Amino acid sequence: MTKPLADVYHLDLYGLRKDKYQTLLDNSISTLPWQRIECRAPEYFFVAKDFGVYGQYQQGFSVNELFPVNSSGIKTHRDDFVVDMDKATLKDRIQCFYDQNYSDREIASKLNLKENCDWKISEARQKETFNPAKIEDVLYRPFDYRRIYYSSNLIDRGREKVMQHFLKGENVGLCFNRQIEQQRLFADVFVTSELFTLHSLSLKESNNIAPLYLYPETTGQQSLQETSIRQPNLNPVIVQQIAEKLELTFAPEKSASTDNQSFAPIDLLDYIYAVLHSPNYRDTYKEFLKTDFPRVPYPDPHTFWPLVKLGGELRQLHLLESQAVNNLITTYPIDGDNIVTRKINQHDFTVRPEPAPRTAVLEQADMTGKVWINDTQYFDGVPKIAWEFYIGGYQPAQKWLKDRHGRTLSFDDILHYQKSIVALSETHRIMQEIDAV
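In this text, residue positions in the sequence shown follow the working numbering: the first is 286, and each later residue adds one.
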């Protein structure tokens, strides 16, 4: 005889530790206000979920199913060695590694390298020599592009089957997570045209990327034209379903002649990008976005193109390709050594006094302030909404500076940071527009 499944009950206690202890002392298992959990296959959630919207959510398509070729990001196992903000510094370090004038022990000490069961310094130094062509750009954190020595000889998990498609030609990749921490809200989507690491989007999750296009394998018998022909990395069944719902034809490439009677892969990516940035979508499905790959509703013919437009604006902002990022909204008014001596936390952002009456309520979206990098220099006019904005598990306006503690900011660094602030501010604005569609 098959025994019925047990009932599952759940209880949250919020507050100070001493208050939680007191609640437990004052109660027994039978007197606590437990909530019975409805356990459904296949997930069998151990916390309460709103199954009223679950069926609606499940009707959409999963991003990992739409993009068949996808994987987690590059896992180097030695970021401090093969990744650097400065190309020349990285080049010198890798050249030093292959310099046979040093012993293996000297190299291990000099470069602070640790071996593991899969990687031995002596073997790696004998397999190849330094190749400057292997230095590539990598999205290390949101808006933080660095240099990586991309060689399977020095990297544990290069994810070559996916990453090759960013090296062979123009491409864009959708970055996303399968799961996120229970205590934070979903913000786990970004785009890149470069290589991508395991923690580019968040530190505590394994980050994934899917290229929009796939380039063919290169062989000696292929012509240049054949090796440059790319194919959409899209599930044809899902694409056909979308085409039928939209009553449009699918074009594998976007061209000047493409009109609103057909849609291309980039249109589909932009639609998805807009949906995943919708505050209403994120709030409605917040519990389900924590436990599996995001699912996106099939597009509606009436809202598809407006969402494509907004998603495209977000994509260009996040790639820093939009002309909008050149319209700087911040200043860097004080001359100095440009060294980041502050460790960068909430206290390094000071709200700028506004000439408004004391009785006026200043909306957070309108609040600006100074971001101090040292005791005398700062970025002025930084919107608070941009300073606190999350992409994945990071706050880029804070993280970018925090990672540069002790470094001297160059002119390009200062300009890049200011462009990123524009991108973050515009992202917040466009997200509100998406919900209005």
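Where a beta carbon is used, it is the ideal one built from N, C-alpha and C, also for glycine.
What you are looking at is a predicted structure, and each value in this text was computed from that prediction instead of being measured.
Could you tell me whether the Cβ of residue i comes closer than 8 Å to any Cβ of chain B?
{"i": "residue 554", "result": "The chain inventory of the structure shown lacks chain B, comprising one protein chain alone."}
Candidates the options: which alpha carbon is nearest residue i's?
{"i": "residue 670", "options": "700, 714, 306 and 574", "result": "714"}
{"i": "residue 517", "options": "488, 575 and 538", "result": "538"}
{"i": "residue 526", "options": "698, 351 and 287", "result": "351"}
{"i": "residue 624", "options": "519, 661, 301 and 675", "result": "661"}
{"i": "residue 480", "options": "605, 681, 408 and 450", "result": "450"}
{"i": "residue 610", "options": "383, 428 and 398", "result": "428"}
{"i": "residue 575", "options": "482, 489, 529 and 692", "result": "489"}
{"i": "residue 338", "options": "435, 559 and 573", "result": "573"}
{"i": "residue 502", "options": "708, 494, 452 and 460", "result": "452"}
{"i": "residue 365", "options": "376, 355 and 396", "result": "396"}
{"i": "residue 430", "options": "689, 720, 718 and 710", "result": "689"}
{"i": "residue 424", "options": "370, 402, 400 and 412", "result": "370"}
{"i": "residue 684", "options": "383, 666 and 630", "result": "630"}
{"i": "residue 492", "options": "468, 469 and 462", "result": "462"}
{"i": "residue 440", "options": "560, 363, 712 and 589", "result": "363"}
{"i": "residue 524", "options": "584, 457, 287 and 419", "result": "584"}
{"i": "residue 345", "options": "409, 557 and 287", "result": "557"}
In terms of residues, what are the limits of the beta strand (DSSP E) holding residue i?
{"i": "residue 295", "result": "293 to 295"}
{"i": "residue 461", "result": "458 to 462"}
{"i": "residue 656", "result": "653 to 657"}
{"i": "residue 525", "result": "No beta strand (DSSP E) contains residue 525, which is instead part of the alpha helix (DSSP H) from 521 to 531."}
{"i": "residue 320", "result": "320 to 322"}
Go ahead and pull the three-state DSSP assignment for residue i.
{"i": "residue 357", "result": "strand"}
{"i": "residue 709", "result": "helix"}
{"i": "residue 600", "result": "helix"}
{"i": "residue 385", "result": "coil"}
{"i": "residue 614", "result": "coil"}
{"i": "residue 338", "result": "helix"}
{"i": "residue 368", "result": "strand"}
{"i": "residue 394", "result": "helix"}
{"i": "residue 696", "result": "helix"}
{"i": "residue 676", "result": "strand"}
{"i": "residue 726", "result": "Since the first residue of the chain shown is 286 and the last is 722, residue 726 is not available in this structure."}
{"i": "residue 471", "result": "coil"}
{"i": "residue 631", "result": "helix"}
{"i": "residue 345", "result": "coil"}
{"i": "residue 546", "result": "coil"}
{"i": "residue 517", "result": "strand"}
{"i": "residue 374", "result": "helix"}
{"i": "residue 715", "result": "helix"}
Could you spell out the range, first to last residue, of the alpha helix (DSSP H) harbouring residue i?
{"i": "residue 663", "result": "Unbroken run through residue 663 is the beta strand (DSSP E), 663 to 668; no alpha helix (DSSP H)."}
{"i": "residue 634", "result": "Run containing residue 634: none in the alpha helix (DSSP H); it sits in the beta strand (DSSP E), 634 to 636."}
{"i": "residue 302", "result": "302 to 311"}
{"i": "residue 683", "result": "681 to 687"}
{"i": "residue 567", "result": "564 to 569"}
{"i": "residue 557", "result": "550 to 561"}
{"i": "residue 350", "result": "348 to 351"}
Identify, in the order they occur along the chain, each residue of the same chain with its Cβ nearer than 6 Å to the Cβ of residue i, setting aside the five sequence neighbours on each side.
{"i": "residue 699", "result": "617"}
{"i": "residue 703", "result": "613 and 615"}
{"i": "residue 634", "result": "654, 656 and 672"}
{"i": "residue 421", "result": "433, 435 and 480"}
{"i": "residue 694", "result": "623"}
Taking 8 Å as the limit between beta carbons, can you name the residues of its chain near residue i, skipping five residues before and five after?
{"i": "residue 636", "result": "652, 653, 654 and 669"}
{"i": "residue 691", "result": "624, 625 and 626"}
{"i": "residue 320", "result": "294, 295, 296 and 333"}
{"i": "residue 723", "result": "One cannot answer for residue 723 here, as it falls past the ends of the chain, which runs 286 to 722."}
Kindly list the residues whose CB is nearer than 7 Å to the CB of residue i, restricted to its own chain and excluding five residues on each side of it in sequence; keep chain order.
{"i": "residue 569", "result": "338"}
{"i": "residue 707", "result": "609, 610, 612, 613 and 614"}
{"i": "residue 533", "result": "546, 547 and 548"}
{"i": "residue 308", "result": "298"}
- In chain order, which alpha helix (DSSP H) runs of at least 4 residues are fully inside the stretch 399 to 452? 406 to 412 and 445 to 452
- Message: What ranges does the beta strand (DSSP E) occupy inside the stretch 474 to 498, keeping only unbroken runs of at least 3 residues that lie completely in it?
- Response: 474 to 477 and 492 to 496
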